[in-house]
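A quick write-up on the structure given underneath.
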Amino acid sequence: SRAMKFMERLKEAGCSFALDDFGSGLSSFGYLKTLPVDYLKIDGAFVKDLENDPIARAMIVSINSIGHEMQLKTVAECVESAAALERLRMIGVDYVQGFHIGEPMPLEELAGVRMMPR
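Per the numbering used here, residue 57 is the first one in the sequence shown, and the count goes up by one each step.
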(Lines of atoms letter the chains of each structure in order from A and count residues from 1; the text may use other names and numbers.)
(Lines give C-alpha, C1' and ligand atoms only; values in the text may rest on other atoms or scores of the structure.)
Protein backbone atom coordinates (compact mmCIF):
# COMPACT_ATOMS: atom_id res chain seq x y z
CA SER A 1 0.00 0.00 0.00
CA ARG A 2 2.95 2.33 0.61
CA ALA A 3 4.21 1.75 -2.92
CA MET A 4 0.77 2.47 -4.32
CA LYS A 5 0.50 5.75 -2.41
CA PHE A 6 3.99 6.72 -3.57
CA MET A 7 3.10 5.96 -7.19
CA GLU A 8 -0.14 7.91 -6.98
CA ARG A 9 1.70 10.97 -5.66
CA LEU A 10 4.22 10.75 -8.49
CA LYS A 11 1.43 10.33 -11.05
CA GLU A 12 -0.13 13.55 -9.73
CA ALA A 13 3.22 15.20 -10.48
CA GLY A 14 3.05 13.95 -14.07
CA CYS A 15 5.07 10.72 -13.90
CA SER A 16 4.09 7.55 -15.75
CA PHE A 17 4.79 3.96 -14.75
CA ALA A 18 5.41 0.73 -16.62
CA LEU A 19 5.01 -2.80 -15.31
CA ASP A 20 8.17 -4.37 -16.72
CA ASP A 21 8.66 -7.98 -17.92
CA PHE A 22 4.94 -8.69 -17.71
CA GLY A 23 4.09 -12.36 -17.94
CA SER A 24 7.36 -13.68 -16.55
CA GLY A 25 5.82 -14.51 -13.16
CA LEU A 26 2.40 -15.34 -11.81
CA SER A 27 2.48 -12.31 -9.52
CA SER A 28 2.37 -10.07 -12.61
CA PHE A 29 -1.43 -10.27 -12.71
CA GLY A 30 -1.69 -9.32 -9.06
CA TYR A 31 0.49 -6.27 -9.60
CA LEU A 32 -1.44 -5.32 -12.72
CA LYS A 33 -4.69 -5.28 -10.83
CA THR A 34 -3.42 -3.22 -7.89
CA LEU A 35 -0.68 -0.87 -9.10
CA PRO A 36 -1.57 2.33 -11.00
CA VAL A 37 0.58 1.66 -14.08
CA ASP A 38 0.29 3.30 -17.52
CA TYR A 39 2.32 0.88 -19.64
CA LEU A 40 2.47 -2.89 -19.77
CA LYS A 41 5.84 -4.16 -21.02
CA ILE A 42 5.51 -7.61 -22.57
CA ASP A 43 8.36 -9.87 -21.45
CA GLY A 44 11.03 -10.23 -24.14
CA ALA A 45 11.10 -14.02 -23.75
CA PHE A 46 7.68 -14.18 -25.43
CA VAL A 47 8.68 -11.73 -28.14
CA LYS A 48 11.88 -13.64 -28.99
CA ASP A 49 9.78 -16.79 -29.61
CA LEU A 50 6.97 -14.96 -31.41
CA GLU A 51 7.77 -16.20 -34.91
CA ASN A 52 8.26 -19.90 -34.03
CA ASP A 53 6.07 -20.57 -31.01
CA PRO A 54 2.27 -20.32 -31.27
CA ILE A 55 1.98 -20.33 -27.47
CA ALA A 56 4.31 -17.31 -27.15
CA ARG A 57 2.25 -15.56 -29.84
CA ALA A 58 -0.98 -16.37 -27.95
CA MET A 59 0.54 -15.01 -24.73
CA ILE A 60 1.42 -11.73 -26.47
CA VAL A 61 -2.09 -11.44 -27.91
CA SER A 62 -3.54 -12.12 -24.45
CA ILE A 63 -1.30 -9.64 -22.63
CA ASN A 64 -1.95 -6.97 -25.26
CA SER A 65 -5.71 -7.55 -24.98
CA ILE A 66 -5.68 -7.34 -21.18
CA GLY A 67 -3.59 -4.17 -21.31
CA HIS A 68 -5.91 -2.48 -23.77
CA GLU A 69 -8.97 -3.57 -21.79
CA MET A 70 -7.45 -1.74 -18.82
CA GLN A 71 -6.71 1.35 -20.96
CA LEU A 72 -2.94 0.73 -20.77
CA LYS A 73 -0.42 1.13 -23.57
CA THR A 74 1.56 -2.01 -24.38
CA VAL A 75 5.29 -2.26 -25.11
CA ALA A 76 6.99 -5.32 -26.62
CA GLU A 77 10.57 -5.87 -25.48
CA CYS A 78 13.36 -7.57 -27.48
CA VAL A 79 12.13 -6.88 -31.02
CA GLU A 80 14.99 -8.23 -33.12
CA SER A 81 13.59 -8.63 -36.65
CA ALA A 82 11.34 -7.01 -39.23
CA ALA A 83 9.11 -10.09 -39.15
CA ALA A 84 8.59 -9.77 -35.38
CA LEU A 85 7.91 -6.04 -35.75
CA GLU A 86 5.26 -6.70 -38.41
CA ARG A 87 3.62 -9.46 -36.36
CA LEU A 88 3.46 -7.16 -33.31
CA ARG A 89 1.96 -4.42 -35.49
CA MET A 90 -0.72 -6.89 -36.63
CA ILE A 91 -1.45 -7.88 -33.03
CA GLY A 92 -1.88 -4.20 -32.12
CA VAL A 93 0.98 -3.67 -29.67
CA ASP A 94 1.44 0.08 -29.12
CA TYR A 95 5.21 0.40 -28.73
CA VAL A 96 8.28 -1.72 -29.37
CA GLN A 97 11.89 -1.70 -28.25
CA GLY A 98 14.82 -3.83 -29.27
CA PHE A 99 17.86 -4.18 -31.50
CA HIS A 100 15.78 -4.09 -34.69
CA ILE A 101 14.63 -0.59 -33.75
CA GLY A 102 18.00 0.64 -32.52
CA GLU A 103 21.00 -0.50 -30.56
CA PRO A 104 21.67 0.88 -27.08
CA MET A 105 23.88 3.95 -27.07
CA PRO A 106 25.21 6.45 -24.57
CA LEU A 107 22.68 9.08 -23.62
CA GLU A 108 25.08 11.79 -24.78
CA GLU A 109 24.99 10.38 -28.32
CA LEU A 110 21.26 9.96 -28.33
CA ALA A 111 20.66 13.48 -27.10
CA GLY A 112 23.37 14.93 -29.35
CA VAL A 113 24.72 17.03 -26.49
CA ARG A 114 27.60 16.76 -24.11
CA MET A 115 26.44 15.88 -20.62
CA MET A 116 27.87 17.69 -17.60
CA PRO A 117 30.07 15.48 -15.38
CA ARG A 118 28.63 14.69 -11.96
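Where is the CB? At the ideal position from N, CA and C, for every residue including glycine.
Selection from Glu136, Phe73 and Ala140 that minimises the alpha carbon distance to Phe155
Glu136
Rounded to whole angstroms, how far is the Cβ of Phe102 from the Cβ of Gly79, which I believe are closer than 8 angstroms?
6 angstroms
Assuming Val117 is part of the alpha helix (DSSP H), what are its boundary residues?
If you look at Val117, you'll find it in the alpha helix (DSSP H) that goes Pro110 to Glu125.
Within 8 angstroms, do at least three Cβ pairs link the stretch 94 to 108 to the stretch 161 to 169?
no
Under 7 angstroms, do Ala74 and Tyr95 count as touching if we go by C-beta distance?
yes
Ala139, DSSP secondary structure in three states:
Helix at Ala139.
With distance defined between alpha-carbon atoms, name the residue in Val149, Leu166, Gly100 and Thr90 nearest to Asn120.
In terms of Cα proximity to Asn120, the closest of Val149, Leu166, Gly100 and Thr90 is Val149.
How many Å lie between Arg65 and Lys97 at the Cα?
So the two alpha carbons sit approximately 22 angstroms from each other.
DSSP three-state label for Leu144, please.
helix
Under 7 angstroms between the Cβ atoms of Val152 and Ala167?
No, the pair does not count as a contact, with Cβ atoms beyond the cut-off.
Indicate the three-state DSSP secondary structure (helix, strand or coil) for Leu166 in the structure shown.
helix
From the DSSP output, which residues share a beta bridge with Lys89?
Beta-bridge analysis with DSSP links Lys89 to no other residue.
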